[in-house]
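Enquirer:
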Amino acid sequence: MEDHNQKPPVCVLDASNYIGFWILKGLLNKGYTVHAAIQPNGEKEIQNEIKEMEKVNEKLFLFEVDMEYDDSLVDLEVRGVINVVEACAQSESIEKVVFTSSLTAAIWREDIGSEIVVDERSWSDPEFCRKMKLWYALAKTLSEQAAWALAMDRMLCMVSINAGLVLGPSVTQQNPGSTMFYLKGAAEMYENGVLAFVDVNFLADVHIRAFEDRSTCGRYFCFNQIVNTSEQAFKLAQSLSPLIPLPPRYECKGSEVYAERLKTKKLNKLVEDAACF
2 MEDHNQKPPV
12 CVLDASNYIG
22 FWILKGLLNK
32 GYTVHAAIQP
42 NGEKEIQNEI
52 KEMEKVNEKL
62 FLFEVDMEYD
72 DSLVDLEVRG
82 VINVVEACAQ
92 SESIEKVVFT
102 SSLTAAIWRE
112 DIGSEIVVDE
122 RSWSDPEFCR
132 KMKLWYALAK
142 TLSEQAAWAL
152 AMDRMLCMVS
162 INAGLVLGPS
172 VTQQNPGSTM
182 FYLKGAAEMY
192 ENGVLAFVDV
202 NFLADVHIRA
212 FEDRSTCGRY
222 FCFNQIVNTS
232 EQAFKLAQSL
242 SPLIPLPPRY
252 ECKGSEVYAE
262 RLKTKKLNKL
272 VEDAACF
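Under the numbering used here, think of the first position of the sequence shown as 2, with each following residue one higher.
#1: What first and last residue would you give for the beta strand (DSSP E) that runs through E65?
#2: Please return the same chain residues whose Cβ sits closer than 8 Å to the Cβ of D206, not counting the five positions on each side in sequence.
#3: What are the boundary residues of the beta strand (DSSP E) that R220 is part of?
#4: Please list the segments of the alpha helix (DSSP H) lying wholly inside the segment 99–147, counting only runs of 4 or more residues, in order along the chain.
#5: In terms of residue numbering, what span does the alpha helix (DSSP H) encompassing A188 cover?
#6: Quick one: what's got a C-beta closer than 8 Å to V13's C-beta in the same chain, skipping five residues either side?
#7: Between S171, M181, N193, which lies nearest to Y137 when the distance is taken from Cα to Cα?
#8: So for M159, helix, strand or coil by DSSP?
#9: To the nearest angstrom, report how far apart G186 and Q7 are at their CA atoms.
#10: Measure the CB-CB distance between F100 and V195 and report whether it falls below 8 Å.
#11: Assess contact between the segment 167–182 and the segment 111–127, defined as three or more Cβ pairs (one per stretch) separated by less than 8 Å. Is contact present?
#12: Nearest-angstrom Cα distance between D71 and I51?
#13: Going by other Cβ atoms of all chains shown within 10 Å of its Cβ, with 16 needed for buried, is D112 buried or exposed?
#14: What residue range does the beta strand (DSSP E) around D200 cover?
#15: Closest to D76 by C-alpha separation, out of R131, R210, S171, would be which residue?
#16: What span of residues does the alpha helix (DSSP H) with A90 cover, start to end?
#17: Tell whether a beta-carbon distance below 8 Å holds between S125 and T142.
#18: Measure the Cβ-Cβ separation of C282 and I83 and say whether it is below 8 Å.
#19: In the DSSP output, what is I227 paired with across the bridge?
#20: Go through its chain and collect everything with a Cβ distance to R110's Cβ below 7 Å, but skip five positions before and after it.
#21: Is the segment 42–51 in contact with the segment 231–240, if contact means three or more CB pairs nearer than 8 Å?
#22: Among E192, C223, V66, which has the Cα closest to the Cα of V258?
#23: State the beta-bridge partners of A260 as determined by DSSP.
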């Protein structure tokens, strides 16, 4: 007799980056069997910890893949996403894809300050990203758009999680590159009410909830707080030291409060619904 309570196996690509590692831990803690891909050029500290986890956890299976990931090479990231989504579409065992994206795929455009609401319907303007050399935002925008186009064409069930700046334990040591790429244009994001951050543990939990909840669909903005005061900006800089220089104290005594433009009603509903079970 089929056991309807048995959890399906899950594949994490890529577990050797900061977010993937925390998603992996969250899945294992919930009793899932996880097939985790790690890259030879991934974070060494994370890779070593994952390999130690494999020795003691019979539900963790590792395999190495070379994804040739480089945030500065936009076309390479887009091609990599297309290959992964196409592979998922061709596999009969894949029930749902949870795609990790970024808020930077939604917030950048010429009139960034004129939008009253920035939500899951919003997309960054690729031409504006190119003009401002926002390569990280451009890569996230084009790769997510390519993933959605292919998923819809192949009738693949997909959800995207558009994360804010990721913070968490050892983030400056284990995720320095992506952190600095995200912060390109941070002053403009801050002044326009779209600089937001998310705790990595919460972000991993949202990924798992989006996977488990059959009703999830489309994009989900994911962040814990919008940074819109000088005091919050200073605290954020402190949490990311020494990656970014701390501003002098006197620069953080202003009284400006910028409007919060990011909205996340879909995420609130997902979290509230999950709390009811």
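We treat Cβ as the ideally placed atom computed from N, Cα and C, and that holds for glycine.
Expert: The short version:
#1: 61–65
#2: G27
#3: 219–223
#4: 127–132
#5: 187–192
#6: G21, I24, L25, L28, V35, H36, A37, A38
#7: M181
#8: strand
#9: 45 Å
#10: no
#11: no
#12: Caution is warranted here: a pLDDT of 44 is assigned to D71, below 50, making its placement in the model unreliable, and no coordinate value can be reported.
#13: exposed
#14: 197–200
#15: R131
#16: 75–91
#17: yes
#18: No information on residue 282 is available, as it lies outside the stretch 2 to 278 that the chain covers here.
#19: A197
#20: S125, D126, F129
#21: no
#22: E192
#23: According to DSSP, A260 bridges with nothing at all.
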